[in-house]
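In the working numbering, the protein residues as written are 31 to 520. Virtual Cβ for every residue (Gly too), placed ideally from N, Cα, C. The structure displayed is predicted, hence computed values, not measured ones. Working notes, structure below.
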(Lines of atoms letter the chains of each structure in order from A and count residues from 1; the text may use other names and numbers.)
(Lines give C-alpha, C1' and ligand atoms only; values in the text may rest on other atoms or scores of the structure.)
Protein backbone atom coordinates (compact mmCIF):
# COMPACT_ATOMS: atom_id res chain seq x y z
CA UNK A 1 0.00 0.00 0.00
CA UNK A 2 2.94 2.36 0.58
CA UNK A 3 4.29 2.26 -2.94
CA UNK A 4 2.48 2.01 -6.17
CA UNK A 5 2.57 -1.40 -7.84
CA UNK A 6 1.21 -2.15 -11.24
CA UNK A 7 1.71 -5.00 -13.60
CA UNK A 8 4.12 -2.93 -15.66
CA UNK A 9 5.91 -0.79 -13.06
CA UNK A 10 8.29 -1.55 -10.25
CA UNK A 11 7.88 0.49 -7.05
CA UNK A 12 9.97 3.62 -6.75
CA UNK A 13 12.87 3.29 -4.30
CA UNK A 14 14.74 5.66 -2.04
CA UNK A 15 18.52 6.04 -1.94
CA UNK A 16 18.61 3.33 0.75
CA UNK A 17 16.82 0.86 -1.53
CA UNK A 18 13.51 0.98 0.36
CA UNK A 19 10.20 1.30 -1.51
CA UNK A 20 8.93 4.87 -1.46
CA UNK A 21 6.08 5.25 1.00
CA UNK A 22 3.22 7.34 -0.27
CA UNK A 23 1.96 9.16 2.79
CA UNK A 24 5.35 10.27 4.16
CA UNK A 25 5.85 11.92 0.76
CA UNK A 26 2.47 13.63 1.19
CA UNK A 27 3.55 14.86 4.64
CA UNK A 28 6.68 16.44 3.13
CA UNK A 29 4.45 17.95 0.44
CA UNK A 30 2.25 19.51 3.13
CA UNK A 31 5.27 21.17 4.73
CA UNK A 32 6.39 22.53 1.34
CA UNK A 33 2.91 23.92 0.72
CA UNK A 34 2.82 25.35 4.24
CA UNK A 35 6.15 27.12 3.78
CA UNK A 36 5.12 28.50 0.38
CA UNK A 37 1.86 29.88 1.79
CA UNK A 38 3.48 31.21 4.96
CA UNK A 39 5.81 33.37 2.90
CA UNK A 40 2.83 35.05 1.32
CA UNK A 41 0.49 35.61 4.26
CA UNK A 42 3.05 36.45 6.95
CA UNK A 43 5.03 38.76 4.68
CA UNK A 44 1.92 40.67 3.58
CA UNK A 45 1.24 41.38 7.26
CA UNK A 46 4.83 42.61 7.70
CA UNK A 47 4.95 44.90 4.64
CA UNK A 48 3.79 48.09 6.44
CA UNK A 49 6.59 47.75 9.02
CA UNK A 50 9.20 46.89 6.40
CA UNK A 51 8.08 50.06 4.65
CA UNK A 52 8.73 52.07 7.80
CA UNK A 53 12.27 50.67 8.13
CA UNK A 54 13.37 50.94 4.49
CA UNK A 55 11.01 53.68 3.20
CA UNK A 56 9.84 51.54 0.30
CA UNK A 57 8.15 53.09 -2.69
CA UNK A 58 4.80 51.73 -3.88
CA UNK A 59 6.70 49.92 -6.63
CA UNK A 60 9.10 48.39 -4.08
CA UNK A 61 6.16 47.06 -2.08
CA UNK A 62 4.72 45.46 -5.21
CA UNK A 63 8.07 43.81 -5.95
CA UNK A 64 8.29 42.57 -2.36
CA UNK A 65 4.94 40.79 -2.63
CA UNK A 66 4.37 40.11 -6.32
CA UNK A 67 8.04 39.47 -7.17
CA UNK A 68 7.83 36.30 -5.08
CA UNK A 69 4.89 35.20 -7.24
CA UNK A 70 6.84 36.04 -10.39
CA UNK A 71 9.92 33.91 -9.77
CA UNK A 72 7.80 31.18 -8.19
CA UNK A 73 5.73 31.00 -11.35
CA UNK A 74 8.68 31.26 -13.74
CA UNK A 75 10.43 28.25 -12.21
CA UNK A 76 7.50 25.85 -12.15
CA UNK A 77 7.32 24.55 -15.73
CA UNK A 78 11.10 24.17 -16.26
CA UNK A 79 11.50 22.58 -12.83
CA UNK A 80 8.58 20.24 -13.46
CA UNK A 81 10.02 19.15 -16.79
CA UNK A 82 13.47 18.68 -15.26
CA UNK A 83 11.93 16.42 -12.62
CA UNK A 84 10.06 14.44 -15.29
CA UNK A 85 13.21 13.58 -17.23
CA UNK A 86 15.98 13.53 -14.61
CA UNK A 87 14.32 12.63 -11.34
CA UNK A 88 12.79 14.72 -8.59
CA UNK A 89 14.94 14.24 -5.48
CA UNK A 90 18.00 16.30 -6.37
CA UNK A 91 16.14 19.32 -7.69
CA UNK A 92 13.77 19.20 -4.70
CA UNK A 93 16.67 19.27 -2.25
CA UNK A 94 18.36 22.04 -4.26
CA UNK A 95 15.19 24.11 -4.08
CA UNK A 96 14.80 23.57 -0.32
CA UNK A 97 18.46 24.48 0.26
CA UNK A 98 18.18 27.65 -1.82
CA UNK A 99 15.13 28.61 0.19
CA UNK A 100 17.09 28.32 3.44
CA UNK A 101 19.91 30.52 2.13
CA UNK A 102 17.58 33.16 0.69
CA UNK A 103 15.59 33.27 3.96
CA UNK A 104 18.78 34.00 5.90
CA UNK A 105 19.65 36.80 3.47
CA UNK A 106 16.12 38.23 3.72
CA UNK A 107 16.16 38.14 7.51
CA UNK A 108 19.52 39.92 7.69
CA UNK A 109 18.89 42.30 4.76
CA UNK A 110 20.55 45.71 5.27
CA UNK A 111 18.39 47.44 2.64
CA UNK A 112 15.14 47.16 0.77
CA UNK A 113 16.95 46.23 -2.44
CA UNK A 114 18.70 43.25 -0.81
CA UNK A 115 15.41 42.15 0.74
CA UNK A 116 13.61 42.27 -2.61
CA UNK A 117 16.38 40.25 -4.29
CA UNK A 118 16.22 37.67 -1.50
CA UNK A 119 12.45 37.46 -1.98
CA UNK A 120 12.94 36.77 -5.68
CA UNK A 121 15.24 33.88 -4.81
CA UNK A 122 12.74 32.60 -2.24
CA UNK A 123 10.13 32.41 -4.96
CA UNK A 124 12.58 30.66 -7.29
CA UNK A 125 13.43 28.11 -4.60
CA UNK A 126 9.80 27.23 -3.88
CA UNK A 127 9.17 27.07 -7.63
CA UNK A 128 11.92 24.45 -7.96
CA UNK A 129 10.55 22.26 -5.16
CA UNK A 130 6.79 22.46 -5.67
CA UNK A 131 6.43 20.59 -9.02
CA UNK A 132 8.41 17.68 -7.62
CA UNK A 133 5.91 16.95 -4.86
CA UNK A 134 2.92 17.26 -7.18
CA UNK A 135 4.64 15.04 -9.74
CA UNK A 136 5.26 12.39 -7.09
CA UNK A 137 1.64 12.44 -5.96
CA UNK A 138 0.67 11.89 -9.59
CA UNK A 139 3.11 8.97 -9.75
CA UNK A 140 2.23 7.33 -6.45
CA UNK A 141 -1.58 7.63 -6.49
CA UNK A 142 -4.12 6.44 -9.04
CA UNK A 143 -6.31 9.21 -10.54
CA UNK A 144 -9.34 8.27 -8.44
CA UNK A 145 -7.25 8.40 -5.24
CA UNK A 146 -5.50 11.74 -5.74
CA UNK A 147 -8.25 13.97 -4.37
CA UNK A 148 -7.43 13.31 -0.70
CA UNK A 149 -3.65 13.90 -0.93
CA UNK A 150 -4.21 17.00 -3.04
CA UNK A 151 -6.77 18.15 -0.48
CA UNK A 152 -4.36 17.61 2.40
CA UNK A 153 -1.64 19.54 0.57
CA UNK A 154 -4.08 22.36 -0.19
CA UNK A 155 -4.96 22.38 3.50
CA UNK A 156 -1.26 22.95 4.20
CA UNK A 157 -1.36 26.16 2.16
CA UNK A 158 -4.57 27.19 3.89
CA UNK A 159 -3.10 26.40 7.30
CA UNK A 160 -0.24 28.74 6.45
CA UNK A 161 -2.81 31.38 5.55
CA UNK A 162 -4.45 30.74 8.92
CA UNK A 163 -1.25 30.73 10.95
CA UNK A 164 0.70 33.27 8.88
CA UNK A 165 -1.10 36.50 9.77
CA UNK A 166 -1.28 35.61 13.48
CA UNK A 167 2.27 34.22 13.38
CA UNK A 168 3.58 37.38 11.74
CA UNK A 169 1.55 39.62 14.01
CA UNK A 170 2.74 37.88 17.20
CA UNK A 171 6.39 37.89 16.07
CA UNK A 172 6.24 41.59 15.29
CA UNK A 173 4.43 42.38 18.54
CA UNK A 174 6.86 40.36 20.69
CA UNK A 175 10.10 41.27 18.89
CA UNK A 176 9.26 44.90 18.24
CA UNK A 177 8.32 46.81 15.13
CA UNK A 178 11.90 47.51 14.05
CA UNK A 179 13.21 43.92 13.97
CA UNK A 180 10.15 41.70 14.39
CA UNK A 181 9.64 41.40 10.64
CA UNK A 182 13.13 39.87 10.31
CA UNK A 183 12.04 36.83 12.31
CA UNK A 184 9.27 36.24 9.80
CA UNK A 185 12.05 35.24 7.40
CA UNK A 186 14.59 33.72 9.81
CA UNK A 187 12.14 31.20 11.27
CA UNK A 188 11.86 29.70 7.77
CA UNK A 189 15.37 28.31 8.21
CA UNK A 190 14.73 25.31 10.52
CA UNK A 191 11.60 24.34 8.57
CA UNK A 192 13.48 24.53 5.28
CA UNK A 193 16.38 22.44 6.61
CA UNK A 194 13.96 19.77 7.83
CA UNK A 195 12.26 19.66 4.43
CA UNK A 196 15.59 19.29 2.61
CA UNK A 197 16.68 16.38 4.81
CA UNK A 198 13.29 14.65 4.55
CA UNK A 199 13.31 14.99 0.78
CA UNK A 200 16.80 13.48 0.54
CA UNK A 201 15.80 10.39 2.55
CA UNK A 202 12.18 9.86 1.47
CA UNK A 203 12.07 10.82 -2.20
CA UNK A 204 12.95 8.28 -4.90
CA UNK A 205 16.28 8.21 -6.67
CA UNK A 206 16.15 9.04 -10.37
CA UNK A 207 14.79 6.24 -12.54
CA UNK A 208 16.43 7.70 -15.66
CA UNK A 209 20.05 6.81 -16.32
CA UNK A 210 20.27 8.80 -19.55
CA UNK A 211 20.49 12.59 -19.53
CA UNK A 212 17.93 13.87 -22.06
CA UNK A 213 18.49 17.25 -23.61
CA UNK A 214 16.42 20.00 -22.05
CA UNK A 215 14.76 22.67 -24.17
CA UNK A 216 16.64 25.77 -23.03
CA UNK A 217 15.36 27.99 -25.85
CA UNK A 218 11.79 27.31 -24.74
CA UNK A 219 12.76 28.12 -21.15
CA UNK A 220 14.12 31.51 -22.20
CA UNK A 221 11.07 32.34 -24.32
CA UNK A 222 8.63 31.34 -21.56
CA UNK A 223 10.52 33.28 -18.89
CA UNK A 224 10.77 36.33 -21.15
CA UNK A 225 7.07 36.27 -22.04
CA UNK A 226 5.79 35.88 -18.48
CA UNK A 227 8.22 38.47 -17.13
CA UNK A 228 7.25 41.07 -19.74
CA UNK A 229 3.55 40.55 -19.03
CA UNK A 230 4.18 40.77 -15.30
CA UNK A 231 6.05 44.08 -15.70
CA UNK A 232 2.89 45.65 -17.16
CA UNK A 233 1.51 45.70 -13.62
CA UNK A 234 4.05 48.32 -12.48
CA UNK A 235 2.62 51.54 -11.11
CA UNK A 236 3.10 54.88 -12.83
CA UNK A 237 4.03 53.35 -16.17
CA UNK A 238 3.00 55.33 -19.29
CA UNK A 239 0.41 53.67 -21.50
CA UNK A 240 2.73 53.40 -24.56
CA UNK A 241 5.29 51.53 -22.46
CA UNK A 242 2.60 49.17 -21.17
CA UNK A 243 1.45 48.48 -24.72
CA UNK A 244 5.01 47.82 -25.83
CA UNK A 245 5.55 45.37 -22.97
CA UNK A 246 2.23 43.69 -23.76
CA UNK A 247 3.13 43.20 -27.41
CA UNK A 248 6.63 42.00 -26.57
CA UNK A 249 5.31 39.56 -23.97
CA UNK A 250 2.68 38.13 -26.30
CA UNK A 251 5.28 37.84 -29.06
CA UNK A 252 7.60 35.92 -26.74
CA UNK A 253 4.81 33.52 -25.74
CA UNK A 254 3.82 33.07 -29.39
CA UNK A 255 7.46 32.31 -30.11
CA UNK A 256 7.44 29.80 -27.24
CA UNK A 257 4.42 28.01 -28.72
CA UNK A 258 5.89 27.97 -32.24
CA UNK A 259 9.25 26.73 -31.00
CA UNK A 260 7.67 23.97 -28.92
CA UNK A 261 5.64 22.67 -31.87
CA UNK A 262 8.79 22.56 -33.97
CA UNK A 263 10.96 21.11 -31.22
CA UNK A 264 8.45 18.34 -30.48
CA UNK A 265 9.20 16.80 -33.90
CA UNK A 266 12.79 16.03 -32.91
CA UNK A 267 12.96 16.00 -29.12
CA UNK A 268 11.18 16.30 -25.79
CA UNK A 269 9.62 19.78 -25.50
CA UNK A 270 9.63 21.76 -22.28
CA UNK A 271 5.83 21.55 -22.26
CA UNK A 272 3.63 19.37 -24.43
CA UNK A 273 1.25 21.84 -26.08
CA UNK A 274 -1.11 18.98 -26.93
CA UNK A 275 -2.19 19.09 -23.29
CA UNK A 276 -4.09 22.29 -24.08
CA UNK A 277 -6.22 20.10 -26.34
CA UNK A 278 -7.22 18.03 -23.30
CA UNK A 279 -10.45 19.74 -22.28
CA UNK A 280 -10.17 18.91 -18.58
CA UNK A 281 -6.65 20.34 -18.38
CA UNK A 282 -7.42 23.54 -20.30
CA UNK A 283 -10.59 24.23 -18.30
CA UNK A 284 -8.93 23.52 -14.96
CA UNK A 285 -6.05 25.83 -15.78
CA UNK A 286 -8.45 28.62 -16.77
CA UNK A 287 -10.45 28.26 -13.55
CA UNK A 288 -7.28 28.14 -11.45
CA UNK A 289 -5.96 31.41 -12.89
CA UNK A 290 -9.11 33.36 -12.06
CA UNK A 291 -9.75 31.68 -8.73
CA UNK A 292 -6.27 32.44 -7.39
CA UNK A 293 -6.41 35.96 -8.81
CA UNK A 294 -9.34 36.58 -6.50
CA UNK A 295 -8.25 34.48 -3.54
CA UNK A 296 -4.73 35.90 -3.14
CA UNK A 297 -5.95 39.44 -3.79
CA UNK A 298 -8.56 39.09 -1.04
CA UNK A 299 -5.88 38.45 1.58
CA UNK A 300 -3.90 41.43 0.35
CA UNK A 301 -6.92 43.74 0.28
CA UNK A 302 -8.15 42.86 3.77
CA UNK A 303 -4.67 43.20 5.26
CA UNK A 304 -4.17 46.64 3.71
CA UNK A 305 -7.67 47.78 4.69
CA UNK A 306 -7.37 46.74 8.31
CA UNK A 307 -3.87 48.12 8.84
CA UNK A 308 -3.44 51.16 6.60
CA UNK A 309 -7.11 52.04 6.25
CA UNK A 310 -8.49 51.43 9.73
CA UNK A 311 -5.25 51.84 11.66
CA UNK A 312 -5.13 48.52 13.48
CA UNK A 313 -2.06 46.47 14.25
CA UNK A 314 -0.86 43.26 12.59
CA UNK A 315 -2.35 40.98 15.24
CA UNK A 316 -5.88 42.34 14.70
CA UNK A 317 -5.42 41.94 10.95
CA UNK A 318 -4.34 38.34 11.46
CA UNK A 319 -7.35 37.56 13.64
CA UNK A 320 -9.70 39.12 11.09
CA UNK A 321 -8.36 36.80 8.37
CA UNK A 322 -8.62 33.64 10.50
CA UNK A 323 -12.15 32.59 9.41
CA UNK A 324 -11.13 32.71 5.75
CA UNK A 325 -8.10 30.47 6.24
CA UNK A 326 -9.81 28.10 8.67
CA UNK A 327 -12.71 27.65 6.30
CA UNK A 328 -10.29 26.82 3.48
CA UNK A 329 -8.59 24.14 5.59
CA UNK A 330 -11.93 22.49 6.30
CA UNK A 331 -13.16 22.81 2.73
CA UNK A 332 -9.94 21.46 1.20
CA UNK A 333 -9.81 18.25 3.21
CA UNK A 334 -13.56 17.55 3.02
CA UNK A 335 -13.83 18.28 -0.71
CA UNK A 336 -10.58 16.50 -1.56
CA UNK A 337 -11.95 13.22 -0.26
CA UNK A 338 -15.06 13.56 -2.46
CA UNK A 339 -13.43 15.02 -5.59
CA UNK A 340 -13.34 11.75 -7.50
CA UNK A 341 -17.01 10.98 -6.84
CA UNK A 342 -18.69 14.39 -7.28
CA UNK A 343 -16.29 16.07 -9.72
CA UNK A 344 -17.00 19.42 -11.38
CA UNK A 345 -20.29 20.23 -9.61
CA UNK A 346 -18.25 20.33 -6.40
CA UNK A 347 -15.93 22.96 -7.92
CA UNK A 348 -18.88 25.00 -9.19
CA UNK A 349 -20.55 24.88 -5.77
CA UNK A 350 -17.31 26.04 -4.16
CA UNK A 351 -16.95 28.97 -6.56
CA UNK A 352 -20.55 29.98 -5.94
CA UNK A 353 -20.17 29.79 -2.16
CA UNK A 354 -16.91 31.78 -2.26
CA UNK A 355 -18.49 34.44 -4.48
CA UNK A 356 -21.49 34.78 -2.18
CA UNK A 357 -19.24 34.99 0.88
CA UNK A 358 -17.14 37.79 -0.59
CA UNK A 359 -20.25 39.58 -1.84
CA UNK A 360 -21.52 39.52 1.75
CA UNK A 361 -18.46 41.53 2.75
CA UNK A 362 -19.32 44.12 0.11
CA UNK A 363 -22.88 44.36 1.45
CA UNK A 364 -21.72 44.65 5.06
CA UNK A 365 -19.18 47.29 4.06
CA UNK A 366 -22.02 49.62 3.09
CA UNK A 367 -22.90 49.87 6.79
CA UNK A 368 -19.36 50.28 8.11
CA UNK A 369 -18.36 53.62 9.65
CA UNK A 370 -15.69 55.62 7.86
CA UNK A 371 -12.04 55.97 8.80
CA UNK A 372 -12.81 58.60 11.45
CA UNK A 373 -13.92 55.77 13.74
CA UNK A 374 -11.61 52.89 12.87
CA UNK A 375 -12.14 50.85 16.03
CA UNK A 376 -15.90 50.77 15.47
CA UNK A 377 -15.37 49.75 11.86
CA UNK A 378 -13.17 46.78 12.70
CA UNK A 379 -15.69 44.94 14.85
CA UNK A 380 -18.46 44.69 12.20
CA UNK A 381 -15.91 43.55 9.62
CA UNK A 382 -14.54 40.91 11.97
CA UNK A 383 -18.03 39.74 12.93
CA UNK A 384 -19.01 39.57 9.25
CA UNK A 385 -16.10 37.24 8.66
CA UNK A 386 -16.77 35.08 11.71
CA UNK A 387 -20.51 35.07 11.11
CA UNK A 388 -20.44 34.01 7.50
CA UNK A 389 -18.67 36.13 4.90
CA UNK A 390 -15.04 35.10 5.27
CA UNK A 391 -15.88 31.64 6.59
CA UNK A 392 -18.14 30.94 3.60
CA UNK A 393 -15.51 32.27 1.20
CA UNK A 394 -12.93 30.02 2.85
CA UNK A 395 -15.00 26.84 2.74
CA UNK A 396 -15.97 27.60 -0.85
CA UNK A 397 -12.35 28.18 -1.78
CA UNK A 398 -11.34 24.87 -0.23
CA UNK A 399 -14.02 23.16 -2.31
CA UNK A 400 -12.33 24.57 -5.42
CA UNK A 401 -8.62 23.97 -4.85
CA UNK A 402 -8.22 20.20 -4.38
CA UNK A 403 -11.04 19.01 -6.70
CA UNK A 404 -9.91 21.35 -9.47
CA UNK A 405 -6.32 20.15 -9.10
CA UNK A 406 -7.47 16.53 -9.26
CA UNK A 407 -9.74 17.03 -12.27
CA UNK A 408 -7.23 19.18 -14.17
CA UNK A 409 -4.51 16.52 -13.99
CA UNK A 410 -6.78 13.47 -14.22
CA UNK A 411 -6.18 12.88 -17.95
CA UNK A 412 -2.51 13.94 -18.05
CA UNK A 413 -0.04 11.12 -18.87
CA UNK A 414 2.36 10.33 -16.04
CA UNK A 415 5.33 11.15 -18.26
CA UNK A 416 4.01 14.73 -18.38
CA UNK A 417 3.01 14.93 -14.70
CA UNK A 418 5.73 17.33 -13.59
CA UNK A 419 5.49 19.78 -16.47
CA UNK A 420 1.67 19.70 -16.47
CA UNK A 421 1.57 20.21 -12.72
CA UNK A 422 4.13 22.98 -13.14
CA UNK A 423 1.98 24.70 -15.76
CA UNK A 424 -1.05 24.47 -13.47
CA UNK A 425 0.94 25.93 -10.58
CA UNK A 426 2.28 28.61 -12.93
CA UNK A 427 -1.29 29.58 -13.76
CA UNK A 428 -2.12 29.74 -10.06
CA UNK A 429 0.92 31.85 -9.19
CA UNK A 430 0.56 34.11 -12.21
CA UNK A 431 -3.13 34.54 -11.40
CA UNK A 432 -2.30 35.33 -7.78
CA UNK A 433 0.36 37.87 -8.69
CA UNK A 434 -1.87 39.43 -11.32
CA UNK A 435 -4.78 39.65 -8.90
CA UNK A 436 -2.70 41.26 -6.15
CA UNK A 437 -1.26 43.77 -8.62
CA UNK A 438 -4.62 44.70 -10.17
CA UNK A 439 -6.43 44.95 -6.85
CA UNK A 440 -3.50 46.83 -5.30
CA UNK A 441 -3.54 49.37 -8.13
CA UNK A 442 -7.32 49.73 -7.89
CA UNK A 443 -7.10 50.24 -4.13
CA UNK A 444 -4.41 52.91 -4.50
CA UNK A 445 -6.40 54.75 -7.18
CA UNK A 446 -9.58 54.56 -5.09
CA UNK A 447 -7.90 55.84 -1.94
CA UNK A 448 -6.30 58.72 -3.81
CA UNK A 449 -9.55 59.51 -5.61
CA UNK A 450 -11.96 59.35 -2.67
CA UNK A 451 -9.74 60.00 0.33
CA UNK A 452 -11.94 57.50 2.15
CA UNK A 453 -10.76 53.94 2.83
CA UNK A 454 -14.26 52.62 3.43
CA UNK A 455 -15.39 53.78 -0.01
CA UNK A 456 -12.10 52.73 -1.61
CA UNK A 457 -12.52 49.18 -0.24
CA UNK A 458 -15.53 48.45 -2.43
CA UNK A 459 -14.11 48.69 -5.97
CA UNK A 460 -11.24 46.20 -5.34
CA UNK A 461 -13.74 43.86 -3.67
CA UNK A 462 -15.96 43.96 -6.77
CA UNK A 463 -12.92 43.15 -8.93
CA UNK A 464 -12.24 40.09 -6.76
CA UNK A 465 -15.86 38.98 -7.09
CA UNK A 466 -15.63 39.32 -10.87
CA UNK A 467 -12.54 37.07 -10.97
CA UNK A 468 -14.39 34.29 -9.15
CA UNK A 469 -17.54 34.79 -11.20
CA UNK A 470 -15.59 34.26 -14.44
CA UNK A 471 -14.33 30.92 -13.12
CA UNK A 472 -17.85 29.97 -12.02
CA UNK A 473 -19.34 30.71 -15.45
CA UNK A 474 -16.64 28.62 -17.17
CA UNK A 475 -17.29 25.66 -14.86
CA UNK A 476 -21.08 25.85 -15.29
CA UNK A 477 -20.67 25.90 -19.08
CA UNK A 478 -18.48 22.79 -18.87
CA UNK A 479 -20.97 20.95 -16.65
CA UNK A 480 -23.78 21.70 -19.11
CA UNK A 481 -21.57 20.53 -21.99
CA UNK A 482 -20.81 17.23 -20.26
CA UNK A 483 -24.48 16.64 -19.47
CA UNK A 484 -25.50 17.25 -23.10
CA UNK A 485 -22.72 14.92 -24.25
CA UNK A 486 -23.89 12.16 -21.90
CA UNK A 487 -27.50 12.65 -22.98
CA UNK A 488 -26.61 12.37 -26.67
CA UNK A 489 -24.42 9.33 -26.00
CA UNK A 490 -27.24 7.53 -24.20
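### Query
Short check: CB of residue 502 to CB of residue 378, under 8 angstroms?
yes
### Message
For a test of the three-state rule: what should DSSP assign to residue 43, helix, strand or coil?
### Response
strand
#### Entry: Contact belief for residue 439 with residue 450 at Cβ below 8 angstroms, rounded distance in angstroms
6 angstroms
### Query
Which residues bound the alpha helix (DSSP H) around residue 326?
309 to 334
### Message
Under DSSP, the alpha helix (DSSP H) around residue 179 begins and ends at which residues?
### Response
177 to 205
### Message
Please report the distance separating the alpha-carbon of residue 509 from that of residue 518.
### Response
14 angstroms
### Task
Assign residue 321 to one of two classes, buried (16 or more other C-beta atoms within 10 Å of its C-beta) or exposed (fewer than that).
buried
#### Entry: DSSP bridge partner residues for residue 49 (one or two, in chain order)
43
### Task
With DSSP as the reference, label residue 85 as helix, strand or coil.
coil
### Query
With distances taken from CA atoms, which of 471, 499 and 478 is nearest residue 91?
471
### Query
So which of 351, 323 and 319 has the shortest CA-CA distance to residue 334?
351
### Query
Under the rule that 16 or more other beta-carbon atoms within 10 Å means buried, what is residue 141, buried or exposed?
exposed
### Query
Looking at the structure shown, is residue 217 part of a helix, part of a strand, or coil, going by DSSP?
coil
### Message
In this structure, how does DSSP classify residue 351 when only helix, strand and coil are distinguished?
### Response
helix
### Identity of the residue in 356, 121 and 314 nearest residue 453 by Cα
314
### Query
How many Å lie between residue 135 and residue 441 at the Cα?
41 angstroms
#### Entry: Nearest residue (CA-CA) to residue 478, options 511, 339, 316 and 349
339
### Message
Going by C-alpha to C-alpha distance, which of 225, 374 and 200 sits closest to residue 511?
### Response
374
### Message
Is residue 509 close to chain D? Criterion is C-beta to C-beta, closer than 8 angstroms.
### Response
The displayed structure is made up of one protein chain only, and chain D is not part of it.
### Query
Can you round the beta-carbon distance between residue 448 and residue 110 to whole angstroms, since I take them to be within the 8 angstroms contact cut?
4 angstroms
### Query
For residue 94, which option in 232, 151 and 56 has the closest C-alpha, if you only look at C-alpha atoms?
151
### Bounding residues of the alpha helix (DSSP H) (the contiguous stretch that carries residue 475)
447 to 480
### Query
Taking the C-alpha atoms as reference points, what is the distance between residue 531 and residue 305?
The shown model of the chain, from 31 to 520, leaves out residue 531, and the question about it has no answer.
### Message
If you measure between the beta carbons of residue 429 and residue 354, is that distance less than 8 angstroms?
### Response
no
### Task
Report the three-state DSSP secondary structure of residue 302 (helix, strand or coil).
coil
### Message
At a threshold of 7 angstroms, does residue 109 count as lining the ligand ADP (C-beta to nearest heavy atom)?
### Response
The model depicted lacks the ligand ADP and carries no ligand whatsoever.
### Query
What residue does the alpha helix (DSSP H) around residue 29 start on, and which one ends it?
Since the first residue of the chain shown is 31 and the last is 520, residue 29 is not available in this structure.
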